[in-house]
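Visitor: Numbering (my numbering), first residue to last: 95 to 831. Glycine is no exception: its CB is placed at the ideal position from the N, C-alpha and C atoms. My structure is below; once you've seen it, I'll send some questions.
Here you go:
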């Protein structure tokens, strides 16, 4: 997965430039005040620093919808150009007004990068390492601050430090960012699919995944364009499509359903199960909790049912499913010897692309395979060998979409009064394999540490001969249905622009509550206040005096202290990278927020109880260090990560805009009310309020924020739809009661 890691790192340079700029202006403003005589103009001084916040807020207002229209990559290129232009203007600035304009342009670049980099990384990353890759912006931002503080500190040691040079140096990394964005970063494959540009999306996926066969994930991206409105949880026993099998072991023909997979020749036979899996039971349990007056969101219960019993990452190939031989491992996929995609065909004239979009993804065997107008991605011929357990070293199938999920389709045979199939006939299924408790130790083909377990009373046929139990999220397909056995690789509707009406969907509204709530609580959790107070605390410990005795001036000492503080964050972010896809986002928040509360309470006590100047300073320094370390591990990065994961493709840019706008507005409020609060309430009052906010944040996370680690983005959206459906049903029950 080297390509996708390098792409994520290149995109995160935009956040490095943001951190670089924040640190540079903090040091340069000392010298700007002297040149423009702003000692008696605090409003102008504050405006120079705040203009980038204003610019970021303004650009964020429409950055998401515009990126939905023109693409993520295009907006990242624009961000790099704005960084470069603003740094050149700041280097030239003849007066304070030109400097203010340059800072506004700089804010535009910051707003685009902060808003769109998490979206871009989430849309290009495989689900298994999406959390790790989306921690890169946090790491790069802090790394940029550290490098900038070091640079500005070095310049401050000169006889006549130049603030113009401090600010103008930003142009050098911004050029590198432009080159990478323009010539290295591919467009988001999800955005390309949303515009119907299937061939380009396929080529990007092949590059990012390092394999030829990406039909399964490409089909997943098409399905992700639809917002699940009537998603339901169903249970099946699934076996090989072996009508012609000589073994005689077949699923009963009665109530049998044929499932179609995205890979060449993949089809299975499924029988609905009367009993219920733990996934369905969790859904019902969440609904019952709501009816009983519980504040716990059903979403948390639903997502938790997936993550409670994760299988071992080192599960041997011999224990994998016979039907789904490589369940849950998109990272381990490698190129197949026989690919459905013919690279030579895709280099043909682009005029043929529109016709190829309408070719079926899955179709009966064609008698004219060379006909360019009838090119197919897959053929629904039976291939028994693909249904059985993969041997060690055998390449993976394209049915896996990551996180233990498989993609399949079925035809709804229900016929309406008009004689047509209900809901267009085609339904998508996100399938998760399960293992019955009583068979887990006896069936050699069952998965150890099953994620989900069927209810003991479930009516389950024998699992031998490759039959597996599975729970499925079923909803209306986004693919174009053709004749029976044919599924066209084209969404039913390709939208141009943000789907404002879709914001009314219950699942999207629930996701917005989670995203906006996290952004508000993050900003009011005290990070700006603690960062503001850190230099003062370190000065009380005597660090500044020590540096002054070493011949370092007071201004240079403050910059060096800030650099050391930032340096402490980097190893903590590295730990967070490792834990993000192991313990998960929700677990990290629930684990680190109590430490934030304890640190803030210690600061409150330290400001009220006088134990001596040195003792108080040491306690406060330790509290600040612990606070900053835990904040960057959890609350610093996770809100942006979750916001980039929980929204459907069709409205992701629009919803991220709402969340990012909330972030910037709260940032401005906290930044400008902090001095007033310190003056009126004192340190104890301010940090006491922050501690209360952190306590509220912990309760909010516990009740409302689900665990999304390792799950495909499209499956996450379906879960929000199901959870919202359960919430509405519970609310309706209570109102009727």
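1. Going by DSSP in three states, residue 621 sits in which element: helix, strand or coil?
2. Measuring straight from C-alpha to C-alpha, what distance separates residue 715 and residue 176?
3. Using a Cβ distance threshold of 8 angstroms, determine whether the segment 749-766 contacts the segment 202-219, with at least three qualifying pairs required.
4. For the segment 272-287 against the segment 159-177, are there 3 or more C-beta pairs whose distance is under 8 angstroms?
5. Check whether the Cβ atoms of residue 107 and residue 271 lie closer than 7 angstroms to each other.
6. Just the C-alpha distance for residue 618 and residue 114, rounded to the nearest angstrom, thanks.
7. Between which residues of its own chain and residue 782 is the CB-CB distance below 7 angstroms, once the five residues before and five after are set aside?
8. Relative to the C-alpha of residue 302, which residue among 178, 219, 294 is closest?
9. Rounded to the nearest angstrom, what separates residue 261 and residue 178 at their Cα positions?
10. Straight-line CA distance for residue 736 to residue 801?
11. Under 7 angstroms Cβ to Cβ from residue 104, same chain only, skipping five residues before and after it: list those, please.
12. Can you tell me whether residue 524 is buried or exposed, with buried defined as 16 or more other CB within 10 angstroms of its CB?
13. Can you name, in chain order, every residue of its own chain whose Cβ lies under 6 angstroms from the Cβ of residue 351, other than the five neighbours on each side?
14. What did DSSP end up calling residue 326 once you bin it into helix, strand or coil?
15. Is the distance from the Cβ of residue 320 to the Cβ of residue 572 below 7 angstroms?
16. Which full runs of the alpha helix (DSSP H) of 4+ residues lie inside the segment 109-186, going along the chain?
17. Should residue 199 go down as buried or exposed, given a rule of 16 or more other Cβ atoms within 10 Å for buried?
18. Within the same chain, show all residues whose beta-carbon is closer than 7 angstroms to that of residue 157, passing over the 5 residues directly before and after it, in chain order.
19. Going by the CB atoms, is the gap between residue 728 and residue 836 shorter than 7 angstroms?
20. So, helix, strand or coil for residue 100, using DSSP?
21. For residue 203, collect the residues of the same chain with a Cβ closer than 6 angstroms to its Cβ; drop the 5 residues on either side in sequence, then sort them by chain order.
22. Roughly how many angstroms lie between the CA atoms of residue 496 and residue 732, to the nearest whole one?
23. For the ligand FMN, I want to know if residue 595 counts as a neighbour, meaning its beta carbon is within less than 6 angstroms of at least one of the ligand's heavy atoms.
24. Taking Cβ positions, are residue 396 and residue 804 nearer each other than 7 angstroms?
25. Could you say if the segment 673-681 and the segment 247-254 meet the contact criterion of at least three C-beta pairs nearer than 8 angstroms?
26. How many angstroms separate the CA atom of residue 652 from the CA atom of residue 255?
27. Using CA atoms only, rank isn't needed, just tell me which of 101, 780, 185 is closest to residue 118.
28. Going along the chain, which residues of its own chain have a beta-carbon closer than 6 angstroms to the beta-carbon of residue 659, five neighbours each way excluded?
29. Over what stretch of residues does the beta strand (DSSP E) that includes residue 499 continue unbroken?
30. With a Cβ-Cβ cutoff of 7 angstroms, do residue 808 and residue 314 count as a contact?
31. Residues in its own chain within less than 6 angstroms of residue 764 by CB, not counting five upstream and five downstream?
32. Return the CA-CA distance between residue 551 and residue 311, expressed in angstroms with no decimal places.
33. With a threshold of 7 angstroms between beta-carbons, can residue 617 be considered close to chain D, or not?
34. In chain order, what residues of the same chain have a beta carbon less than 7 angstroms from the beta carbon of residue 631, not counting five sequence neighbours either side?
35. Under the assumption that residue 726 contacts residue 236 (Cβ atoms under 8 angstroms), give the Cβ distance between them as a whole number of angstroms.
Guide: Looking at the coordinates:
1. Position 527 of the chain shown, counting from 1, holds the residue named residue 621. Residue 621 falls in the helix class under three-state DSSP.
2. Numbered from its first residue, the chain shown carries residue 715 at position 621. Numbered from its first residue, the chain shown carries residue 176 at position 82. Taking the CA atoms as reference points, residue 715 sits about 38 angstroms from residue 176.
3. Yes, the segment 749-766 touches the segment 202-219.
4. Yes, the segment 272-287 is in contact with the segment 159-177.
5. For the purposes of this step, residue 107 is taken as residue 13 along the chain shown, with counting starting at 1. For the purposes of this step, residue 271 is taken as residue 177 along the chain shown, with counting starting at 1. When the beta-carbon positions are compared, residue 107 and residue 271 come within less than 7 angstroms of each other.
6. Mapped onto the chain shown, residue 618 falls at position 524. Mapped onto the chain shown, residue 114 falls at position 20. Distance between the alpha carbons of residue 618 and residue 114 is about 23 angstroms.
7. For the purposes of this step, residue 782 is taken as residue 688 along the chain shown, with counting starting at 1. The answer, listed in chain order, is 698.
8. Locating residue 302 in the chain shown gives position 208, where the first residue counts as 1. Comparing Cα positions, the closest option is 219.
9. Here residue 261 refers to the residue found at position 167 of the chain shown. Here residue 178 refers to the residue found at position 84 of the chain shown. Each residue's alpha carbon lies about 11 angstroms from the other.
10. Translated into the one-based positions of the chain shown, residue 736 becomes position 642. Translated into the one-based positions of the chain shown, residue 801 becomes position 707. Their Cα atoms are separated by approximately 9 angstroms.
11. The sequence position of residue 104 within the chain shown is 10, counting from 1. Same-chain partners within the cutoff: 274, 278, 279.
12. Taking the first residue of the chain shown as 1, we reach residue 524 at position 430. When all chains shown are included, residue 524 counts as buried.
13. One-based indexing of the chain shown puts residue 351 at position 257. Excluding residues within five positions, the ones whose Cβ falls inside 6 angstroms are 364, 504.
14. Within the chain shown, the letter at position 232 stands for residue 326. The answer is strand: DSSP assigns residue 326 an E or B state.
15. Taking the first residue of the chain shown as 1, we reach residue 320 at position 226. Taking the first residue of the chain shown as 1, we reach residue 572 at position 478. Against a cut-off of 7 angstroms, the Cβ pair of residue 572 and residue 320 comes out as a contact.
16. Contiguous alpha helix (DSSP H) elements confined to the segment 109-186 occur at 136-164, 166-186, taking only those with 4 or more residues.
17. Residue numbering aside, residue 199 sits at position 105 when the chain shown is read from its first letter. Taking all protein chains shown into account, residue 199 has 16 or more neighbouring C-beta atoms within 10 Å of its C-beta and is therefore buried.
18. Taking the chain shown and counting its residues from 1, the one referred to as residue 157 is at position 63. The answer, listed in chain order, is 169, 205, 206, 209, 210, 751.
19. Only positions 95 to 831 of the chain appear in the structure, and residue 836 is not among them; the question remains open.
20. For the purposes of this step, residue 100 is taken as residue 6 along the chain shown, with counting starting at 1. Of the three classes helix, strand and coil, the one that applies to residue 100 here is helix, per DSSP.
21. Taking the chain shown and counting its residues from 1, one reaches residue 203 at position 109. Same-chain partners within the cutoff: 173, 176, 177.
22. Reading the chain shown from its first residue, position 402 is the one you call residue 496. Reading the chain shown from its first residue, position 638 is the one you call residue 732. Our two residues, residue 496 and residue 732, have alpha carbons roughly 21 angstroms apart in a direct line.
23. Because no ligand of any kind appears in the structure shown, any question about the ligand FMN cannot be addressed here.
24. Position 302 of the chain shown, counted from the start, is the residue given in the question as residue 396. Position 710 of the chain shown, counted from the start, is the residue given in the question as residue 804. With a cutoff of 7 angstroms on beta-carbon distance, residue 396 and residue 804 are scored as not near each other.
25. The segment 673-681 is not in contact with the segment 247-254.
26. For the purposes of this step, residue 652 is identified with residue 558 of the chain shown, where counting begins at 1. For the purposes of this step, residue 255 is identified with residue 161 of the chain shown, where counting begins at 1. The alpha-carbon atoms of residue 652 and residue 255 are separated by roughly 15 angstroms.
27. Along the chain shown, read from residue 1 onward, the residue named residue 118 stands at position 24. Residue 185 is the option with its Cα nearest to residue 118.
28. Taking the chain shown and counting its residues from 1, the one referred to as residue 659 is at position 565. Hits under 6 angstroms: 628.
29. Along the chain shown, read from residue 1 onward, the residue named residue 499 stands at position 405. Its beta strand (DSSP E) spans residues 499-505.
30. Along the chain shown, one-based indexing puts residue 808 at 714. Along the chain shown, one-based indexing puts residue 314 at 220. Yes.
31. For the purposes of this step, residue 764 is taken as the residue at position 670 of the chain shown. Taken in chain order, the residues that qualify are 617, 622.
32. Counting from one through the chain shown, the residue named residue 551 turns up at place 457. Counting from one through the chain shown, the residue named residue 311 turns up at place 217. In this prediction, residue 551 has a pLDDT of 44, which is less than 50 and means its spatial position is unreliable; what the coordinates show is noted afterwards. Distance between the alpha carbons of residue 551 and residue 311: 35 angstroms.
33. The structure shown has no chain D; it contains just one protein chain.
34. Position 537 of the chain shown holds residue 631. Excluding sequence neighbours, residue 631 sits near 711, 714, 715, 718.
35. In the chain shown, residue 726 corresponds to position 632, counting from 1. In the chain shown, residue 236 corresponds to position 142, counting from 1. Right, their Cβ atoms sit about 7 angstroms apart.
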